[in-house]
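Structure first, then comments.
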DNA sequence: TTGTCGCATTTGTGATCACATACACACATG
DNA sequence: CATGTGTGTATGTGATCACAAATGCGACAA
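Residue numbers (the numbering used here), protein chains in the order written: chain A, 1 to 214; chain B, 215 to 428.
Written out as structure tokens, the structure is:
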């Protein structure tokens, strides 16, 4: 009796949660955008109850904020908060990269190179959402090798909080090529150079967000 | 027109959330303990709806886990996960302490000393919950000075995940005095010694949790 | 033109209900 | 005594509803 049905029937609130989370993390929603429970329910074809649970969960993760009257919106981050979140990214991602390094074999590095070369396409298309998604995929591919799910979850929570803000950054910024520090990350991985890797990751994380602070 | 009413009428799900969260963080619930929505609702005198929201929120923060069938329980952490969470504590708390240092004046240090001396009482009473609460209060008093709410929130999320596990540690462990590293933290604060502070905080965080891994 | 008041509408909240499923315990069977 | 099976109860899920509060818009007055 091996899986009579594929138990892949995700609950309704999970579909809403995942869908909304992905959209926020990838910068598909602008900062300050208002959302309503009935609107979300209608959009995902569920009633208010699952929409409420999904929204509550995203509020708990800092992906959404809730006014005192319960209205939902994506947060507009202050410069101080952006600086904090960037510092958290630096702390956690450097640690994740360091833990992944001993396990990063050539196959993984090649996969990361493929992802990185894909960034050129989305950049030439002025596709901010694609840029953010590909960039995060590059990082996540490495961090998955760290075998540290709790750290990765924390890291993704920070990404989530920065999602709408990153959208407005990469919308302004007219990039012409993939981030320079990605090449340094790949080189350090190939060389097994841990200090170099830590520096490259820290630089990559810090550089993009430095120009976020208006 | 200055606050006609104190707007302190917290919503029902917030009362449940806060109450449950405090209990979990302070180690008042053992690892693996099962909870039910109807039980929570009855306990906090609300219906299932607010209880569900509070539970979902705590699941999102890693304070509770949910089985595939939706049953709630406090998590029983693996050694690998404990190690990860301890590493996160070390990363974040060292940073918070470092940011708090320039702002830590004598009044704050005296307050921390008072809290720390209170640990002797709860230790002599074999009061594990009191020990955890007082210990966290010691750390939080310092970190609040860092003026870094996002980092502090992340830090408390880690504390929350470790709550039930810390209970079983301090239940086993028969302490006779306050943590030795707290004195080092206080000394480094008085001396304005940043490297010493970083080391003391890292040691304090790591030491307790090293013996958690069975 | 601008500011203020009032009302209609939108919105979140919490309770309740019907339903499907998972769990636990007793019992039968080897 | 161990193991599988069936049944009743407990439990989570999602929809719907009544209610209160907030919002926003339009009218009206200064």
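From the three backbone atoms N, C-alpha and C, an ideal C-beta is built for every residue, glycine too.
Checklist entry - Which partner residues does residue 72 of chain A have in the DSSP bridge list? => result Along the first chain, read from residue 1 onward, the residue named residue 72 of chain A stands at position 72. When beta bridges are read from the DSSP output, residue 72 of chain A appears opposite A:35, A:66.
Checklist entry - Buried or exposed: where does residue 6 of chain A fall if 16 or more other Cβ atoms within 10 Å of its Cβ makes it buried? => result Working through the first chain from its first residue, we reach residue 6 of chain A at position 6. Caution applies to residue 6 of chain A, whose pLDDT of 40 falls short of 50 and renders its modelled position unreliable; the value that the coordinates give is listed next. That one is exposed.
Next on the checklist: What would DSSP say about residue 225 of chain B, mapped onto helix, strand or coil?
Outcome noted: Here residue 225 of chain B refers to the residue found at position 11 when the second chain is read from its first residue. Three-state DSSP puts residue 225 of chain B in coil, outside helix and strand.
Checklist entry - Roughly how many angstroms lie between the CA atoms of residue 243 of chain B and residue 374 of chain B, to the nearest whole one? => result For the purposes of this step, residue 243 of chain B is taken as the residue at position 29 of the second chain. For the purposes of this step, residue 374 of chain B is taken as the residue at position 160 of the second chain. When rounded, the distance between both Cα atoms is 11 Å.
Item to check | Own chain, CB closer than 7 Å to residue 215 of chain B, minus 5 neighbours either side, in chain order | outcome: On the second chain, position 1 is the one that residue 215 of chain B refers to. Note on residue 215 of chain B: pLDDT 33, under 50, position unreliable in the model; the coordinate value appears next. Answer for residue 215 of chain B: no residue qualifies.
Checklist entry - Is the beta carbon of residue 278 of chain B sitting closer than 8 Å to the one on residue 287 of chain B? => result Translated into the one-based positions of the second chain, residue 278 of chain B becomes position 64. Translated into the one-based positions of the second chain, residue 287 of chain B becomes position 73. Their beta carbons are under 8 Å apart, which means residue 278 of chain B touches residue 287 of chain B by this criterion.
Checklist entry - Is the segment 112-132 of chain A touching the segment 226-242 of chain B in the sense that three or more CB pairs, one from each, lie closer than 8 Å? => result Result no; under three Cβ-Cβ pairs closer than 8 Å.
Checklist entry - Which residue spans inside the segment 340-397 of chain B form an unbroken alpha helix (DSSP H) run of at least 4? => result Segments of the alpha helix (DSSP H) lying fully in the segment 340-397 of chain B: 342-358, 363-386.
Next on the checklist: By the DSSP assignment, the alpha helix (DSSP H) with residue 196 of chain A in it spans what residues?
Outcome noted: Translated into the one-based positions of the first chain, residue 196 of chain A becomes position 196. Where residue 196 of chain A is concerned, the enclosing alpha helix (DSSP H) stretches over 194-210.
Checklist entry - By how many angstroms is the C-alpha of residue 189 of chain A removed from the C-alpha of residue 127 of chain A? => result Position 127 of the first chain, counted from the first residue, corresponds to residue 127 of chain A. Position 189 of the first chain, counted from the first residue, corresponds to residue 189 of chain A. Each residue's Cα considered, the two are about 28 Å apart.
Item to check | Coarse secondary structure for residue 244 of chain B, derived from DSSP in three states | outcome: Looking up residue 244 of chain B in the second chain gives position 30. Residue 244 of chain B carries a coil assignment under DSSP once its states are collapsed to helix, strand and coil.
Item to check | Straight-line gap, residue 289 of chain B to residue 297 of chain B (C-alpha atoms, nearest Å) | outcome: As a working mapping, residue 289 of chain B is identified with position 75 in the second chain. As a working mapping, residue 297 of chain B is identified with position 83 in the second chain. Looking at the two C-alpha atoms, the distance is approximately 15 Å.
Item to check | Start and end residues, alpha helix (DSSP H) containing residue 124 of chain A | outcome: Against the first chain, residue 124 of chain A aligns to sequence position 124. It spans 106-124 - the alpha helix (DSSP H) in which residue 124 of chain A sits, taken as one unbroken run.
Next on the checklist: Please confirm whether residue 238 of chain B has its beta-carbon closer than 8 Å to some beta-carbon of chain A.
Outcome noted: Position 24 of the second chain holds residue 238 of chain B. Cβ-Cβ to chain A under 8 Å: no for residue 238 of chain B.
Checklist entry - Roughly how many whole angstroms lie between the Cα atoms of residue 240 of chain B and residue 348 of chain B? => result Along the second chain, read from residue 1 onward, the residue named residue 240 of chain B stands at position 26. Along the second chain, read from residue 1 onward, the residue named residue 348 of chain B stands at position 134. Taking the straight line from one Cα to the other gives about 9 Å.
Checklist entry - Considering only the beta carbon of each residue, do residue 366 of chain B and residue 310 of chain B sit closer than 8 Å? => result Residue numbering aside, residue 366 of chain B sits at position 152 when the second chain is read from its first letter. Residue numbering aside, residue 310 of chain B sits at position 96 when the second chain is read from its first letter. Yes.
Next on the checklist: Against chain A, with Cβ distances strictly below 8 Å, would residue 290 of chain B count as a contact?
Outcome noted: Within the second chain, numbered from 1, the residue matching residue 290 of chain B stands at position 76. Closer than 8 Å to the CB of residue 290 of chain B there is not a single CB belonging to chain A.
Item to check | Cβ-based neighbour list, residue 31 of chain A, same chain, cut-off 8 Å, excluding 5 preceding and 5 following | outcome: Residue numbering aside, residue 31 of chain A sits at position 31 when the first chain is read from its first letter. In its chain, beyond the 5 residues on either side, 74, 75, 76, 77, 164, 165, 167, 168 have a beta carbon closer than 8 Å to the beta carbon of residue 31 of chain A.
Next on the checklist: Using only CA atoms, which one of B:285, B:262, B:263 lies nearest to residue 273 of chain B?
Outcome noted: Within the second chain, the letter at position 59 stands for residue 273 of chain B. Considering only alpha carbons, the answer is B:285.
Checklist entry - On the three-state DSSP scale, how would you describe residue 275 of chain B? => result Numbered from its first residue, the second chain carries residue 275 of chain B at position 61. In the structure shown, the three-state DSSP call for residue 275 of chain B is coil.
Next on the checklist: Out of B:270, B:364, B:346, which one is the CA nearest neighbour of residue 228 of chain B?
Outcome noted: If you number the second chain from 1, residue 228 of chain B lands on position 14. Looking only at B:270, B:364, B:346, the smallest Cα-Cα distance to residue 228 of chain B is reached by B:270.
Checklist entry - What is the residue span of the alpha helix (DSSP H) that residue 308 of chain B lies within? => result One-based indexing of the second chain puts residue 308 of chain B at position 94. Unbroken alpha helix (DSSP H) run through residue 308 of chain B: 293-314.
Checklist entry - If we cut at 8 Å on Cβ distances, does residue 3 of chain A have a partner in chain B? => result Stepping through the first chain from its first residue, residue 3 of chain A is reached at position 3. Note that residue 3 of chain A has pLDDT 33, beneath the 50 cutoff, so the model's placement of it is unreliable and no number is given.
Next on the checklist: If we define contact as Cβ-Cβ less than 8 Å, is residue 81 of chain A a contact residue for chain B?
Outcome noted: What you label residue 81 of chain A is simply residue 81 of the first chain in a count that begins at 1. For residue 81 of chain A, the answer is yes, since a Cβ of chain B falls inside 8 Å of its Cβ.
Next on the checklist: Against residue 317 of chain B, what residues of chain A qualify as contacts under a CB-to-CB distance less than 9 Å, listed in chain order?
Outcome noted: Numbered from its first residue, the second chain carries residue 317 of chain B at position 103. For residue 317 of chain B, no chain A residue has a C-beta closer than 9 Å to its own C-beta; the minimum C-beta separation is roughly 14 Å.
Checklist entry - Hey, out of B:304, B:275, B:312, whose CA is closest to residue 408 of chain B's CA? => result As a working note, residue 408 of chain B is residue 194 in the second chain. Closest in C-alpha terms to residue 408 of chain B, from the list B:304, B:275, B:312, comes B:312.
Item to check | Rounded separation between residue 302 of chain B and residue 156 of chain A - CA only | outcome: Here residue 302 of chain B refers to the residue found at position 88 when the second chain is read from its first residue. Here residue 156 of chain A refers to the residue found at position 156 when the first chain is read from its first residue. Between residue 302 of chain B and residue 156 of chain A, the C-alpha separation is close to 14 Å.
Checklist entry - When the Cα of residue 333 of chain B is compared with those of B:384, B:359, B:268, B:322, which residue comes out closest? => result For the purposes of this step, residue 333 of chain B is identified with residue 119 of the second chain, where counting begins at 1. For residue 333 of chain B, the nearest C-alpha among the options comes from B:384.
Next on the checklist: Against chain A, with Cβ distances strictly below 8 Å, would residue 299 of chain B count as a contact?
Outcome noted: Translated into positions along the second chain, residue 299 of chain B becomes position 85. True, the Cβ-Cβ gap to chain A drops below 8 Å.
Item to check | Minimum C-alpha distance to residue 100 of chain A - residue among A:143, A:80, A:53 | outcome: Here residue 100 of chain A corresponds to residue number 100 of the first chain, with the count starting at 1. The residue with the shortest Cα to Cα distance from residue 100 of chain A is A:143.
Checklist entry - Of all Cβ atoms in chain A, is any one closer than 8 Å to the Cβ of residue 358 of chain B? => result Taking the first residue of the second chain as position 1, residue 358 of chain B is located at position 144. At least 8 Å separates the CB of residue 358 of chain B from every CB of chain A.
Checklist entry - Quick one: what's got a C-beta closer than 6 Å to residue 235 of chain A's C-beta in the same chain, skipping five residues either side? => result Here chain A has residues from 1 to 214 only, and residue 235 of chain A is not among them.
Next on the checklist: Cutting at 6 Å between CB atoms, please list the residues of its own chain near residue 249 of chain B, excluding the five before and the five after it.
Outcome noted: Translated into positions along the second chain, residue 249 of chain B becomes position 35. Result list for residue 249 of chain B: 286, in chain order.
Checklist entry - At a CB-CB cut-off below 7 Å, which residues of chain A make contact with residue 271 of chain B? => result As a first step, residue 271 of chain B is located in the second chain; it is residue number 57 there, counting from the start. Contact note: residue 271 of chain B reaches chain A through 56, 57, 60, using a C-beta cutoff of 7 Å and chain order.
Checklist entry - Among A:66, A:106, A:202, which one has its Cα closest to the Cα of residue 139 of chain A? => result Mapped onto the first chain, residue 139 of chain A falls at position 139. Taking each of A:66, A:106, A:202 in turn and checking the Cα distance to residue 139 of chain A, the smallest one comes out for A:202.
Next on the checklist: Using a Cβ-Cβ distance cut-off of 8 Å, determine whether residue 151 of chain A contacts chain B.
Outcome noted: For the purposes of this step, residue 151 of chain A is taken as the residue at position 151 of the first chain. The beta carbon of residue 151 of chain A sits closer than 8 Å to some beta carbon of chain B.
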